[in-house]
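If you're matching positions, the sequence shown starts at 1170 in our numbering and goes up one per residue.
Cβ atoms here follow ideal geometry from the backbone N, Cα and C, with glycine treated the same way.
Keep in mind it's a predicted model, so treat the numbers as computed, not measured.
A short write-up of the structure that comes next.
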Amino acid sequence: MAHLLLIDGLNLVRRLYAAQERPFLNSATPYSAATGEQLLFNTSEQVLLVLKKLVRQFEPSHLALVFEQPHLNWRALLYPPYKADRHPMPEHLQLALPALQQRLQDHGFSSVQLPEQEADDLIASLAMQMRQHQQQATIVSTDKGYLQLLPSGVQLYDHFNRVQHNATTVLQKFGVLPEQLVRYWSLVGDKTNNISGIAGIGPKTAAELLQLGADIKTALSHPDCPEKLKQKILAAKAELMIFMQILSLKTDLRLGLNLQQFRYSPQRAD
1170 MAHLLLIDGL NLVRRLYAAQ ERPFLNSATP YSAATGEQLL FNTSEQVLLV
1220 LKKLVRQFEP SHLALVFEQP HLNWRALLYP PYKADRHPMP EHLQLALPAL
1270 QQRLQDHGFS SVQLPEQEAD DLIASLAMQM RQHQQQATIV STDKGYLQLL
1320 PSGVQLYDHF NRVQHNATTV LQKFGVLPEQ LVRYWSLVGD KTNNISGIAG
1370 IGPKTAAELL QLGADIKTAL SHPDCPEKLK QKILAAKAEL MIFMQILSLK
1420 TDLRLGLNLQ QFRYSPQRAD
């Protein structure tokens, strides 16, 4: 069985870069061009170490680091506050990404990105393409948005916290099943993506509501659903639909990619 290891490239690079940068930020030493070069070199070394560790751990037949280019995507056009409060990537790191990707390629780690497509949707589509052909797909990321793919058999691993996610970890953290997460986040909001949610509905209320039914419509029709809560949600129906659309990963992108280009060769990575 083929096994595609999909690595959220920017998620990995930015976290490792931040770890390298932290000592400099807390130091009295002035930040210089030489400092920036050292940070970039250290980051690339750390990325390679992590990738080699992941390969030993998962033994994939195929591997892809998925990146994205800065752009105004359809989610931001639909809902302007989407990710509007995120700190931009340091400019020198952005400029160094092509060289970093080439270095990783030289070590056998292929990168992919598509114009005007978020990495989340590209990763989700690649993963679901594998599952549709009864093949294995593992995503490496700390992004909780990928949890919604678990019911389809996609695996999600958080390298930094050493957590292999499953329905149990989701239920323990959010109080709902993986297939209910988009509805749950649409109700309570999602700070990561700057989604406000529905005013006055917190995690406990949302989880209790979704225990009444697999989806919001069914839950609202349940006799135990409080009338006041029902009216509040119905009044915000249009907003709720937008949130659900934004938070749902696209899994059907027409990629035009060949799985063979991601075949992993251990000899090249040594």
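Where residue i falls: helix, strand or coil (DSSP)
i, result
"Q1450", "This structure leaves residue 1450 out entirely; the chain is present only between 1170 and 1439."
"S1280", "strand"
"I1370", "coil"
"D1359", "strand"
"T1337", "helix"
"T1311", "coil"
"S1434", "coil"
"G1322", "coil"
"E1285", "coil"
"V1182", "helix"
"G1344", "coil"
Option nearest residue i by Cα separation, candidates the options
i, options, result
"T1307", "L1424, Q1301 and I1292", "I1292"
"Q1317", "G1366, Q1341 and L1418", "L1418"
"M1170", "M1413, R1255 and Q1305", "Q1305"
"W1243", "R1272, Q1274 and Q1414", "Q1414"
"L1232", "I1176, H1391 and T1338", "I1176"
"Y1248", "L1416, L1426 and Q1324", "L1416"
"H1172", "K1399, R1300 and L1403", "R1300"
"Q1430", "L1264, P1257, G1277 and L1209", "G1277"
"Q1282", "L1426, R1432 and Y1433", "L1426"
"V1224", "A1253, L1174, Q1341 and K1401", "L1174"
"I1370", "P1257, A1187, K1399 and V1339", "K1399"
"D1289", "A1187, E1396 and Q1238", "Q1238"
"A1268", "H1256, L1209, P1259 and K1221", "L1209"
"P1372", "Q1341, M1258, S1230 and P1257", "Q1341"
"P1259", "A1187, E1228, Q1226 and Q1298", "A1187"
"L1266", "C1394, R1183 and Q1324", "R1183"
"Q1324", "K1221, L1428 and F1227", "F1227"
"T1361", "P1395, G1314, K1401 and L1403", "G1314"
Cβ neighbours of residue i in the same chain (closer than 8 angstroms, five flanking residues each side left out)
i, result
"H1240", "P1284 and E1285"
"S1294", "K1419, T1420, D1421, L1422 and L1424"
"G1366", "W1354, S1355, L1356, V1357, G1358, D1359 and F1412"
"A1376", "F1343, G1344, V1345 and Y1353"
"L1185", "T1212, Q1215, V1216 and V1219"
"S1280", "G1178, A1233, L1234, V1235, F1236, Q1270, L1273 and Q1274"
"N1335", "L1319"
"A1253", "A1245 and N1363"
DSSP beta-bridge partners of residue i
i, result
"A1306", "L1173"
"D1327", "V1332"
"L1232", "L1174"
"I1364", "D1359"
Residues of its chain near residue i, where Cβ-Cβ distance is below 6 angstroms and the 5 sequence neighbours each way are ignored
i, result
"P1250", "N1363"
"H1261", "G1205"
"H1328", "V1309"
"A1245", "Y1251"
"L1409", "S1355"
"A1405", "I1367"
"G1178", "L1234, V1235 and F1236"
"A1383", "none"
"Q1333", "Y1326"
"S1390", "none"
"Q1303", "none"
Contacts around residue i, its chain only, beta-carbon distance under 7 angstroms, and the 5 residues preceding and following it disregarded
i, result
"L1379", "V1345, Q1349, R1352, Y1353 and A1388"
"N1180", "S1310, T1311 and D1312"
"E1190", "L1208"
"P1347", "L1316, Q1317, L1319, P1320, A1336 and V1339"
"S1434", "G1277"
Within-8 angstroms CB hit, residue i to chain D
i, result
"L1179", "Of the protein chains in this structure there is only one, and it is not chain D."
Quiz item: What alpha helix (DSSP H) runs, 4 residues minimum, are completely inside the region 1214–1269?
Solution: If you keep only unbroken alpha helix (DSSP H) runs of at least 4 residues inside the region 1214–1269, you get 1243–1247.
Practice problem: Would you mind listing the alpha helix (DSSP H) stretches within the region 1386–1432 that are 4+ residues and don't spill past its ends, in chain order? | Solution: Qualifying alpha helix (DSSP H) stretches, in chain order: 1396–1404 and 1406–1416.
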